[in-house]
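Presented below is the structure to which this report refers.
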Amino acid sequence: MADQSKKEKENLSKSISAPQAFLIHLISGLGLAISLWVAHNFYSINLVSHPSTTLRLIWIVESAIVILIYSRFRIDPQQCSYLKAVVRGILALPVGALVNALGAIALGAPIGIQYVCSLLTVLNILRKF
């Protein structure tokens, strides 16, 4: 019991500072801006003309940035290595997508053969990671 409370106090003392939190959010925002810029200038797409392609590009860039940054600021670095935190983040992507899809279906999202094809395309992309 005493070891657990001591460990909790150590974890609280390892919390990130305000400038670090600002830097994390700034990098995430810059990643979003860069991915939109790349979509517009290199691929000539935007959210209005090609929403799924643009969102896929944003998703790929942002997921990489978020996983790498948030894995750096894990709670217990001695017990969980950086590589293990990155792998957990990568494994959480398809699980989160599946939970999101099941929630959408439960709330009444349309299900049909045309949507199954789109779902299979997304799952194929996730499989490559």
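Taken in order, the sequence shown gives residues 1 to 129; the numbers are from UniProt numbering. A virtual CB, placed ideally from N, CA and C, is assigned to each residue, including glycine.
query                                                                                                                                   : result
Could you check how far apart the C-beta atoms of Ile-34 and Val-61 are, in whole angstroms? I think they sit under 8 Å.                : 7 Å
Do Ile-65 and Gly-89 have their CB atoms nearer than 8 Å?                                                                               : no
Look at the alpha carbon of Asn-124 and the alpha carbon of Tyr-43, and state the distance between them as a whole number of angstroms. : 22 Å
Around the C-beta of Ala-39, are 16 or more other C-beta atoms found within 10 angstroms, so that it is buried, or is it exposed?       : buried
In angstroms with no decimal places, state the Cα-to-Cα distance between His-25 and Ile-58.                                             : 16 Å
Which two residues bound the contiguous alpha helix (DSSP H) that contains Gly-103?                                                     : 82-106
Smallest Cα separation from Ala-101: which of Ser-81, Ala-85, Val-122, Leu-83?                                                          : Val-122
Compare the beta carbon distance of Leu-126 and Leu-93 with 8 Å and say whether it is the shorter of the two.                           : yes
Three-state secondary structure (DSSP) at His-50?                                                                                       : coil
Taking the Cβ atom as the reference point for each residue, do Thr-54 and Asn-46 lie within a distance shorter than 8 Å?                : yes
Tell me whether the beta-carbon of Cys-80 lies closer than 8 Å to the beta-carbon of Arg-74.                                            : yes
Could you tell me the distance, in whole angstroms, from the CA atom of Gln-78 to the CA atom of Gly-108?                               : 44 Å
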